[in-house]
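> I'd like to ask some things about the structure below.
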Amino acid sequence: IQCLNARKIELDEAKSKLFAELKEVVAKSKDRTQNQTAFYSHLIQSQTRNKERDTDVGSVSIRQFPVDGLPNSGAAVTSGYSDLQ
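Residue numbers 469 to 553, in my numbering, belong to the letters of the sequence shown in order.
Here it is in structure tokens:
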């Protein structure tokens with residue numbers, strides 16, 4: 469009986485130790501998951517801002533430059549056709 473009681477105490481101590489280690493692992497896993505979530509959330513927000521900025525820059529550049537890339541190309545074309553009238 470004494471031997472069984474001693475063994476039970478050993479097993480209870482081992483069980484307590486394992487549960488303590490399990491709690492640590494779970495806590496670290498939760499921290500890592502939260503950190504990853506925060507990281508990916510920040511990354512997605514950053515990419516969204518970059519896309520919005522690129523879209524804004526793209527639309528500005530399209531408005532600033534005519535299709536053929538020549539300044540005042542509209543005036544050059546109309547003056548070129550004025551002789552035909």
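Every residue gets a Cβ at the ideal spot worked out from N, C-alpha and C, and that includes glycine.
In angstroms, rounded to a whole number, what distance separates the CA positions of Cys471 and Gln504?
Against the sequence shown, residue 471 aligns to sequence position 3. Against the sequence shown, residue 504 aligns to sequence position 36. Rounded to whole angstroms, Cys471 to Gln504 spans 49 Å at the Cα level.
> Given Thr516, which residues of its chain have a CB within under 8 Å of its CB, disregarding the five upstream and five downstream residues?
Sequence index remark: in the sequence shown, residue 516 carries index 48 (1-based). Same-chain partners within the cutoff: there are none.
> At the level of alpha carbons, what is the spacing between Glu489 and Arg521?
Position 21 of the sequence shown, counted from the start, is the residue given in the question as residue 489. Position 53 of the sequence shown, counted from the start, is the residue given in the question as residue 521. Roughly 47 Å separates the two Cα atoms.
> Consult DSSP for Ile469 and reduce its assignment to one of helix, strand or coil.
Numbered from 1 along the sequence shown, position 1 holds the residue referred to as residue 469. It is coil, neither helix nor strand.
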